[in-house]
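A.B. asks: Protein chains in written order, with our numbering: chain A, 447 to 708; chain B, 64 to 413.
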Amino acid sequence: MRLEVQDVSCGYAGKAIVSGISLEMGSGDSLCLLGPNGVGKTTFFKTLLGLLKLKSGKILLNGEDINKWSRKTFAKKVGYVPQVHTPPFPFKVIDVVVMGRTAHVGVFSSPGAKDREIAKETLEMLSISHLQERTYTELSGGERQLVMIARALAQQPEILIMDEPTSNLDFGNQIKVLCQIKRLTKESNIGVIMTTHFPDHAFLCASRVAVMGRNNTFITGTPVDVISEEVLKQTYGVDVKVIEIGEQMGEKLKICVPVLKH
Amino acid sequence: MWDSLVLRGGSIPKLTCAKIMLLPVVLAAVALVSFTVGSYPVPIETVINIIAAKFADIPRNWTPDMEIVVWKIRLPRILAAMLVGAALSAAGAAYQGLFKNPMVSPGILGVSAGASFGAALAILLSFNIIGIQIGAFAGGMLAVMITYLIGVWLGKNGDATLVMILAGIIVGTLFTSFVSLTKYTADPYTKLPTITYWLMGSLASVNLSDVMMAGIPIMIGLIILTLIRWNLNVMSFGDEEAKTLGVNTGRIRLIVVFCATLMSSSAVAISGIVGLVGLIVPHLARLIVGPNYNVLLPMSIGMGSLFLLLVDNLARTLYAVEIPLGILTSIIGAPVFLYLLSNNRRKHWV
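(1) How would you list, in chain order, the residues of chain B whose beta-carbon sits under 7 Å from the beta-carbon of A:P611?
(2) What's the C-alpha gap between A:T642 and A:G659?
(3) Going residue by residue through the region 209-251 of chain B, where are the continuous alpha helix (DSSP H) segments of at least 4 residues, counting only ones entirely within it?
(4) Give the DSSP bridge partners of A:E510, in chain order.
(5) Verify the contact flag: B:F180, CB atom, against every heavy atom of the ligand FMN, threshold strictly below 8 Å.
(6) What would DSSP say about A:R547, mapped onto helix, strand or coil?
(7) Out of B:L377, B:F118, B:N355, B:I193, point me to the one whose CA is closest to B:I390's CA.
(8) Should B:V173 and B:I209 be called a contact, given that it needs their Cβ atoms to be closer than 9 Å?
(9) Can you check whether the C-beta of A:M658 is within less than 9 Å of a C-beta belonging to chain B?
(10) To the nearest angstrom, report how far apart B:I258 and B:K246 are at their CA atoms.
(11) Quick one: Cα of B:N357 to Cα of B:I83, how far?
(12) With which residues is A:T666 paired in a DSSP beta bridge?
(13) Let me know if B:D222 comes out buried or exposed under the rule of 16 or more other beta-carbons within 10 Å of its beta-carbon.
(14) Does the beta-carbon distance from A:A652 to A:L477 come in below 9 Å?
(15) Looking at chain A, which residues of the region 288-308 of chain B have a Cβ within less than 9 Å of any of its Cβ atoms?
(16) What does DSSP give as the partner residues of A:G605 in its beta bridges?
(17) Return the CA-CA distance between A:V542 and B:T109, expressed in angstroms with no decimal places.
(18) Per DSSP, what kind of secondary structure is A:T581 in: helix, strand or coil?
(19) Using 8 Å as the Cβ pair cut-off and three pairs as the minimum, do the region 346-362 of chain B and the region 301-309 of chain B touch?
(20) Do A:V623 and A:Q602 have their CB atoms nearer than 9 Å?
(21) Alpha carbon to alpha carbon, what distance is there between B:V310 and A:N661?
(22) For a contact defined as C-beta to C-beta under 7 Å, what are the partners of A:K518 on chain B?
(23) Report yes or no: do three or more beta-carbon pairs, one from the region 339-349 of chain B and one from the region 581-588 of chain A, lie closer than 8 Å?
(24) Check whether the Cβ of A:A648 lies closer than 9 Å to any Cβ atom in chain B.
(25) Assign A:S586 to one of three DSSP states: helix, strand, or coil.
(26) Relative to the C-alpha of A:T488, which candidate in A:G460, A:P528, A:F554 has its C-alpha closest?
(27) Measure the Cβ-Cβ separation of B:G181 and B:L205 and say whether it is below 9 Å.
(28) Around the Cβ of A:A596, are there at least 16 other Cβ atoms within 10 angstroms (buried) or fewer (exposed)?
(29) Would you please verify whether the beta carbon of A:S555 is less than 9 Å from any beta carbon of chain C?
(30) When you compare the CB positions of A:M640 and A:L599, do they come within less than 9 Å of one another, or not?
(31) What residue range does the alpha helix (DSSP H) around B:G389 cover?
(32) So if I threshold CB-CB distances at 7 Å, which residues from the region 158-172 of chain B count as touching chain A?
(33) Specify the secondary structure class of A:M695 as computed by DSSP and reduced to three states.
(34) State buried or exposed for A:D685, treating a residue as buried only when at least 16 other CB atoms are found within 10 Å of its CB.
(35) Distance check for A:S516 and A:K632, CA to CA, integer angstroms please.
(36) For a contact meaning CB atoms closer than 7 Å, what does B:N357 contact in chain A?
And the structure:
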């Protein structure tokens, strides 16, 4: 799998919010997208997902221009994990995850027994099989987020695009989701793109990072290279100390510690 | 075949299966009993004999009047009640999924207001019964077409669903005021009562050709909606999520709106305005079998037929004079709904 974003600009009718974005990633990569509120991360994501029309530039997946793809074709390659919200009807968790198989099923059909098996496997993969028969709308935010990830995985995509998968989660659930993301990229070779408000998450589970700054700056690279005190000051406007604290699983580990002023 | 249509892809507990299988049985039983009740009662054995006589040689021990009542009066009425009930319930159920809102009824895009205007105008212009039916059908289709086009035109960069609902409110209000205008200019001794009674809804003068004419578009709509019902599950999570899960939301929305409008317009053409069925029946069905459209849609269709058949039986048997159908669906439907809501407070769906 190879995703290439070539000199892309995105925005709404008439106005480009971000432009000149280029990045590349392959199977097993996990890319963290950092940036301040309102800079255009969501706009970029929506454009990646085909929900907003591309203003200029190209997005290629495995060499093909995704602009021409039908929604079904796209959903077979790209899975989207949205931020958790409350749907209007009390579906069972297993039914919600089975909806991930819609792309693999004709418009006049419903997912069958084989699709339900795949859905159950993704629940198993995320260790939430025990939630199968529960009502989705009665779960906690963290459990729902995991169900959303399971649903996207049921699409059997090559890339997973996750919109702030750790917001609304308690500390423990945040770590669990980050672990899952790391496992997915290592074991299933899926590519992951996620937005996050925490540079530390990039250090923990990302192999690449992209920092979208105001004034249309866009820096990409590995987390240890890109996330520095200058970049964080430039992007977020705050003073942060970036400290190296040894190694984890054979990789350098850094953390960010904010400097609070009186 | 029924099993494979209903059971694939969803976890259907045995109890729900039983509930679903029971429905056609109950429906057939109620339909049979419906032949016997009315201002001209016919004993049940006679009804069975009359029907059987079409297929086998049975000595005729009933009067020709009874035969006419069964075939020419009761049969069309029973079929019409079942068709109209099924059409409105299916449309309501589909719209509730499409617009992600269990409070939505088939009239939300303006079909009822449009059909009312079409019929009222036809009555004003002294059209015959067929003309009034065509007027209602055309009015319903026209109103929704306007709503849909406004929705597509204005919803390009925003939430297509929300814009369409708002457009429906606008178009509905407009056509409702046109109806008032028509009533205002109508002759108060002849035309106005006709318009008023038509708007109250009734299956009293329905005949077999009406059933044929409305039945075909209704069956087409029911079949198409049943085929695409899985997509309604996905659409209920929102336009963006549905798209990323692989649904062509624009196309599904068009198909659903077209089918629902085709069915509602046809139903209203032969029955007049019958309210509340399309809102309540899907709700009742959802309380019984859950929100999965794989079972919810067939259940709504079956329960809608049953509900309207029962109400229409009451309409023609409760008093010596027939009570208009639209009035009765509301008077009966509202307390039934309230009762079920209060009994199921713990199961939230909203």
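Note that CB positions come from ideal geometry on N, CA and C, so glycine has one too.
C.D. replies: Working from what's here:
(1) Residues of chain B passing the Cβ test: none, with the nearest at roughly 15 Å.
(2) 14 Å
(3) You should have 223-248.
(4) Partner(s): A:L507.
(5) As presented, the structure is devoid of all ligands, the ligand FMN included, so that no description of it is given.
(6) helix
(7) Considering only alpha carbons, the answer is B:L377.
(8) The amino acid occupying residue 173 of chain B in the given sequence is Gly; Val does not appear at that position. Yes.
(9) no
(10) 7 Å
(11) Whole-angstrom Cα-Cα distance: 12 Å.
(12) A:A656
(13) exposed
(14) yes
(15) L290, I291, R292, W293, N294, N296, V297, S299, F300, G301, D302, E303, E304, A305, K306, T307, L308
(16) Per the sequence shown, residue 605 of chain A should be read as Ile rather than Gly. BP columns for A:I605 point to A:V524, A:G637.
(17) 51 Å
(18) strand
(19) The region 346-362 of chain B makes no contact with the region 301-309 of chain B; the number of CB pairs closer than 8 Å stays below 3.
(20) no
(21) Going from the Cα of A:N661 to the Cα of B:V310 covers about 36 Å.
(22) G309
(23) no
(24) Using a CB distance cut-off of 9 Å, A:A648 does not count as an interface residue toward chain B.
(25) coil
(26) A:P528
(27) Yes.
(28) With 16 or more other Cβ atoms from the protein chains shown falling within 10 Å of its own Cβ, A:A596 counts as buried.
(29) Looking for chain C here will not work: the only protein chains present are A and B.
(30) No; because the gap between Cβ atoms is not below 9 Å, this pair is not in contact.
(31) 388-406
(32) K163, N164, P165
(33) coil
(34) exposed
(35) Inter-residue distance for A:K632 and A:S516 is about 29 Å (C-alpha atoms, whole angstroms).
(36) S556
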